[in-house]
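Residue numbers (this note's numbering): 23 to 287.
A quick write-up on the structure given underneath.
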């Protein structure tokens, strides 16, 4: 009887352990992270490292002309070039159930990716990112004018904070064409994807104040997306990479809220 009891206990333990391991395995995700303007995949090395340490697969995309691909830089690079970068990464790596994450300008890029390959995407996270309507360009978020001023010249947004002789990684000048080309966001399957919008809110600002002026936040609310906030500046992923990595992981279970038909149009 004692031997049977030991065997039963061992069997129950093995069953529970197997169940736990199986559940743990299901939680392992595939992340594709898209950086913001002038940056590169390097900017997400620490946050991506935490995601990898948690057992996930992480692809840190670097858009054409930026980061380690700066040798390809050209004023002819447009938004569609960058959308193609990420779409082709997903297709050629044969990725499915992707958690597509974009920061800042990366929101424009992932919007186009959503429209192109919604069947490959599990969840989308906009991290302090641009949320455009269909047919909108970055310039439309700033009065409809093409970027102008001393930091814009020869078809590029310049990076004056990078000094000659600075060692990589660092920001790289960014083609203005990417800011002037509109994005497509009308694929019904893309519109139905679950999405989380995260606002990085510094200590001197409240979420309530931000919600009143942040047009991207307002569009996210109108679409029924989940809204989250995270304490920090626009580059919170560099200030607190562990915290941002955890936030992204938690966001995957967010679901969209139902919206009225009139609001969806």
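Quick reminder that beta carbons are idealized off the backbone N, C-alpha and C, glycines included.
Quick caveat, the model's predicted, so the values are computed rather than measured.
Asked                                                                                                                           : Found
Segments of 4+ residues assigned as alpha helix (DSSP H) that fall wholly inside the stretch 166-229                            : 199-202 and 210-213
Outcome for residue 90 when other beta-carbon atoms lying within 10 angstroms are tallied against a minimum of 16               : exposed
Span separating the alpha-carbon of residue 197 from that of residue 174                                                        : 9 Å
Separation of residue 92 from residue 143, as counted between CA atoms                                                          : 28 Å
8 Å Cβ cutoff met for residue 56 and residue 75                                                                                 : no
Continuous beta strand (DSSP E) assignments of at least 3 residues falling wholly in the stretch 55-126                         : 79-83 and 120-125
For residue 145, the first and last residue of its enclosing beta strand (DSSP E)                                               : 143-149
Cut-off 6 Å between Cβ atoms - residues of its own chain near residue 147, not counting five sequence neighbours on either side : 123, 218, 270 and 273
Inter-residue spacing [alpha-carbon to alpha-carbon] between residue 239 and residue 62                                         : 24 Å
Residues near residue 64 in its chain [Cβ-Cβ closer than 6 Å; skip 5 each side]                                                 : 89 and 191
Where the beta strand (DSSP E) containing residue 245 begins and where it ends                                                  : No beta strand (DSSP E) holds residue 245; DSSP gives it neither H nor E.
Same chain, Cβ closer than 7 Å to residue 215, neighbours up to 5 away in sequence not counted                                  : 136, 140, 143 and 146
Exposed unless 16 or more other CB atoms sit within 10 angstroms - verdict on residue 247                                       : buried
CB contact flag (residue 245, residue 281, <8 Å)                                                                                : yes
Reduced DSSP category for residue 152 - H, G, I as helix; E, B as strand; rest coil                                             : coil
Three-way DSSP call (helix, strand, coil) for residue 281 in this model                                                         : coil
Euclidean distance between Cα positions of residue 172 and residue 178                                                          : 11 Å
Rounded Cβ spacing between residue 134 and residue 194 (contact assumed at less than 8 Å)                                       : No, residue 134 and residue 194 are not in contact; Cβ-Cβ is about 21 Å, not under 8 Å.
Outcome for residue 186 when other beta-carbon atoms lying within 10 angstroms are tallied against a minimum of 16              : exposed
For residue 263 and residue 50, believed in contact at Cβ under 8 Å, the rounded distance                                       : Their Cβ separation, rounded to whole angstroms, is 19 Å, which puts residue 50 and residue 263 out of contact at 8 Å.
8 Å CB neighbourhood of residue 132 in its chain, flanking five on each side removed                                            : 56, 108, 122, 123, 124, 146, 148 and 151
Whether residue 256 touches residue 201 by CB criterion (8 Å)                                                                   : no
Terminal residues of the alpha helix (DSSP H) in which residue 18 lies                                                          : Absent from the model: residue 18. The displayed extent of the chain is 23 to 287, so no value can be given.
Rounded C-alpha distance that separates residue 233 from residue 276                                                            : 19 Å
Limits of the alpha helix (DSSP H) - the one that residue 138 falls within                                                      : 128-138
Close-in-space but distant-in-sequence residues of the same chain around residue 117 (CB under 8 Å, 5 per side omitted)         : 52, 54, 81, 111 and 142
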